[in-house]
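Residue numbers (our numbering), protein chains in the order written: chain R, 28 to 385; chain V, -4 to 282.
Cβ coordinates follow ideal geometry from the N, Cα and C atoms, glycine included.
These notes concern the structure reproduced below.
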Amino acid sequence: MSKIIEIENLTKTFGKVVGVDDISLSVEQGEFVTLLGPSGCGKSTLLRMIGGFEEPTSGRILLDGQDVTHVPPSKRAVNMVFQDYALFPHLSVGKNVGYGLRVAGMPRREVREKALEALALVGLEDRFDAAPHMLSGGQRQRVALARAIVRRPKVLLLDEPLSALDANLREQMQVELKALHTKMGLTFILVTHDQTEALTMSDRIVVMRGGKIVQMGSPVDLYERPATSYVAGFIGSTNQFRSVVATGPTGPQVQCFGQPISAPAGVAPGQEALFGFRPEKALVQFGEEGGGPDTLRGSVADILYHGQSVRLMIDLGAGEVLVDLPMSGSDGMPQVGDAVSLRVGADKIMVLADEVAA
Amino acid sequence: MNGALRLKRALVLSPPLLWTFLFMFVPYAILLVYSFWQQKYPTFVPAFQFGNYVQIFTDPQYFRVILRTLKIAFFVSLGAALVAYPYAYFLVFRVRKPGLRLMLYMAVVAPLWVSYLLRAYTWKTILGTTGILNSFLMSTGILSEPSSVFLYNQTAMIVTLIYVFIPFMVMPIYAVLEKIPHSLKEASADLGVGRVRTFLSVTLPLSIPGIVAGFTMTFCLTFGDFIAPFLVGGPDGQMIANVIASQFGASLNWPLGAALALVMLMIVLSIITVSDKFERLGQGRFA
Ligand SMILES: Nc1ncnc2c1ncn2[C@@H]1O[C@H](COP(=O)(O)OP(=O)(O)O)[C@@H](O)[C@H]1O
Ligand SMILES: [Mg+2]
Chain R
28 MSKIIEIENL
38 TKTFGKVVGV
48 DDISLSVEQG
58 EFVTLLGPSG
68 CGKSTLLRMI
78 GGFEEPTSGR
88 ILLDGQDVTH
98 VPPSKRAVNM
108 VFQDYALFPH
118 LSVGKNVGYG
128 LRVAGMPRRE
138 VREKALEALA
148 LVGLEDRFDA
158 APHMLSGGQR
168 QRVALARAIV
178 RRPKVLLLDE
188 PLSALDANLR
198 EQMQVELKAL
208 HTKMGLTFIL
218 VTHDQTEALT
228 MSDRIVVMRG
238 GKIVQMGSPV
248 DLYERPATSY
258 VAGFIGSTNQ
268 FRSVVATGPT
278 GPQVQCFGQP
288 ISAPAGVAPG
298 QEALFGFRPE
308 KALVQFGEEG
318 GGPDTLRGSV
328 ADILYHGQSV
338 RLMIDLGAGE
348 VLVDLPMSGS
358 DGMPQVGDAV
368 SLRVGADKIM
378 VLADEVAA
Chain V
-4 MNGALRLKRA
6 LVLSPPLLWT
16 FLFMFVPYAI
26 LLVYSFWQQK
36 YPTFVPAFQF
46 GNYVQIFTDP
56 QYFRVILRTL
66 KIAFFVSLGA
76 ALVAYPYAYF
86 LVFRVRKPGL
96 RLMLYMAVVA
106 PLWVSYLLRA
116 YTWKTILGTT
126 GILNSFLMST
136 GILSEPSSVF
146 LYNQTAMIVT
156 LIYVFIPFMV
166 MPIYAVLEKI
176 PHSLKEASAD
186 LGVGRVRTFL
196 SVTLPLSIPG
206 IVAGFTMTFC
216 LTFGDFIAPF
226 LVGGPDGQMI
236 ANVIASQFGA
246 SLNWPLGAAL
256 ALVMLMIVLS
266 IITVSDKFER
276 LGQGRFA
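Pasting the structure below:
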């Protein structure tokens, strides 16, 4: 695999505001990379620098080995799907898609063919002559997508492309985007603040905060092994607790809100660290008995019904944790106040690095 | 309850309706009646005949004035558009500071609060033999003595009217340019299109409704103007409104004046109708 994009020490400041802070990142040919982070963390600025819409304050961007740091957007083989779609309101759907090709001097017939081909890829070839304002939001999104891929760019940039769609359509478009990526073999860089979107579509997720990269890796990597409490909290939910590792009768132990459980691998007695476990990783048992080693005892404090599962807030006495209980049918609904025990194996506990102030 | 509501509505609506009726429809109705009357030197008498209209369309004198007025209105609108468009473009896309932008915008629009007469008069002092233009040309040595070619001709009228009516061109163009989303220009660049082509294929087509609106206003305002010809126009500078004014004044031919006024009204109304149709075509684009 070859690197299609190499970003070296890229920084962008707006006056005193730092948008992107010394980021280095490379993207493989054909990869689906997602920039994930809360609003204002610099995702769009990074994407817009790759597209050529913002001039970097310092650093370099290489596209397929060529330095494009100061090349205008019109001369870069990358295309962008804009958040507001940016369809030309005075041109038909087909003319929107063929716009760049036509201006570049391609013969009319060929432009039409290419535009139809791109529209077919997003299932809109029958709306060739429609005006953009006649289309639904989802259809406009597809036209923007068709327009961006019609020239087969080396990299396709997408800035929160699904954020304006309603939930159902968003889920459907996630599947379609992923399918399009696989079918075309293009490199996708997508910006989102939606962790579900990032987890479903990406080959690799880059988590950002305050203009910097906090962690990057595959969705499984980030979910199973978040490096910091910030990542653990941003992607999925995590029960976090701080504890000093102590030596117990069966080996090293940590205190989860006052109750001892086996410590995970990688920490030594005497060390203090931040630990966490995911709500769905705890084994839930009801009743006073239950238990055994590595078990937290408490009672149900609150119940959130999610359909396929219920999320329980468990009062451990010294604190509260969240656990997920799959609803497989026959089990009855738990009640607030029920006694419960949670088995949290050492392999389910994550060690989280301390947060660098950001 | 229903009756009270209806009464309230009637009370609210009746003053403007009455106003419109008294000061718009009644005068036009009077004009229409007069336009069929007949001149009987030294005054005129009631009649029902189309002689005044026939005269307007057969006597080349009136026809020529109407044509000249149309020509001047066209050049004023064209000139105003050519000056206003780059100015509005510069304000919207090049001036980054909102405060400065507002100031430069107001610099063009604020003269609307100054008397029309005063603004037109300004150009008399600029273009006149003792005016600023002559002094400048003499001080730079281009002219050795003051020239009178600048004033009292159609060019002077066109320049003056462009100045007087340019706010009506700047306002709609500014409004329409400001509404064009920035991302459209970025999208055009993204698709490989350079700045000039982006202007020609995106910005300009999207600003046509503003140009049409400005053109229509400037055209109609110029078409009905009679002060600029009076102040800075020459012997060939008479416009239709001057002719109408003289029919109601010195010539004492109200019937012909009324017929001319109605012909003028028809011309202006048809221009507005066409322009309105045109603007409607572009509606819904930003929806
Ligand atoms: N054109 C700009 N002028 C000034 N500040 C900007 C500009 N664009 C972005 N910023 C600032 O840079 C930071 C990152 O913005 P952005 O990249 O848009 O974040 P995100 O896309 O992650 O929400 C924010 O603090 C934002 O206010
Ligand atoms: Mg953004």
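TODO: Look up V:Tyr57 in the DSSP assignment and say whether it is helix, strand or coil.
DONE: helix
Task: Boundaries (first-last residue) of the beta strand (DSSP E) holding V:Thr125 - done: It is not in any beta strand (DSSP E) - V:Thr125 carries neither H nor E in the DSSP assignment.
Task: Chain-ordered residues of the stretch 178 to 208 of chain V with a beta carbon less than 7 Å from chain R - done: Ser178, Leu179, Glu181, Ala182, Ala184, Asp185, Leu186, Gly187, Val188, Gly189, Arg192, Ser196, Val197, Pro200, Leu201
Open item on the list: If you measure between the beta carbons of R:Val177 and R:Leu128, is that distance less than 9 Å?
Closed with: yes
- [ ] Quick one: list the residues of chain R neighbouring V:Pro176, beta-carbon separation under 7 Å, in chain order.
- [x] Asp111, Ala113
TODO: Using the DSSP secondary-structure output, state which residues sit across from V:Gly228 in a beta bridge.
DONE: Per DSSP, none; premise fails for V:Gly228.
TODO: Please decide whether R:Met107 counts as near chain V, where near means a Cβ-Cβ distance under 9 Å.
DONE: yes
Task: Within chain V, the residues that R:Gly78 reaches when beta carbons sit closer than 7 Å - done: Asp185
Task: Own chain residues within Cβ distance below 7 Å of V:Gly279, not counting five before or after - done: Here the model assigns V:Gly279 a pLDDT of 49, short of 50, so the residue's position is not dependable, and the following value carries that caveat. So the list is empty, once near-sequence residues are dropped.
Open item on the list: In the DSSP assignment, the beta strand (DSSP E) including R:Asp391 goes from what residue to what residue?
Closed with: Nothing about residue 391 of chain R can be read from this structure; chain R reaches only from 28 to 385.
Task: Reference R:Ala345, options R:Ser326, R:Ile32, R:Ser163, closest by Cα - done: R:Ser326
Task: Straight-line gap, V:Ile157 to V:Asn129 (C-alpha atoms, nearest Å) - done: 20 Å
Task: Whole-angstrom distance between V:Phe273 and R:Gly69, CA atom to CA atom - done: 43 Å
Task: Minimum C-alpha distance to V:Met212 - residue among V:Lys3, V:Pro55, V:Leu17, V:Ala75 - done: V:Ala75
Open item on the list: Quick check: is any heavy atom of ligand 1 less than 8 Å from the C-beta of R:Cys68?
Closed with: yes
Open item on the list: Counting only beta-carbon separations shorter than 9 Å, does R:Pro83 have a partner in chain V?
Closed with: no
TODO: Consider the C-beta atom of V:His177 and the heavy atoms of ligand 1; say whether any pair is separated by less than 8 Å.
DONE: no
Task: R:Arg178 - DSSP class collapsed to helix/strand/coil - done: coil
Open item on the list: Suppose you measure from the CA of V:Tyr147 to the CA of V:Ile121; what does that come to, to the nearest Å?
Closed with: 12 Å
TODO: Specify the secondary structure class of V:Asn248 as computed by DSSP and reduced to three states.
DONE: coil
Open item on the list: I want to verify the contact list: residues of chain V whose CB lies under 8 Å from the CB of R:Pro100, in sequence order.
Closed with: Glu181, Ala184, Asp185
- [ ] Below 8 Å on the Cβ atoms is my guess for R:Leu52 versus R:Gly86; work out the distance and round it to an integer in Å.
- [x] So it is not a contact: roughly 11 Å between Cβ atoms.
Task: Burial state of R:Val44 (16 or more Cβ within 10 Å) - done: exposed
- [ ] Run the CB neighbour count on V:Lys66, radius 10 Å, all protein chains shown included, and call it buried at 16 or more, exposed below.
- [x] exposed
Task: As assigned by DSSP and simplified to three states, the class of V:Phe281 - done: Only weak support exists for where V:Phe281 lies, its pLDDT of 48 falling under 50; the coordinates are left without a value.
Task: Residues bridged to R:Ser85 [DSSP beta-bridge criterion] - done: R:Thr38
- [ ] Take R:Val272 and list the residues in its own chain whose beta-carbon comes closer than 8 Å to its own, dropping the five residues that flank it on each side.
- [x] Pro279, Gln280, Val281, Ala290, Val294, Ala295, Pro296, Gly297, Gln298, Glu299, Ala300
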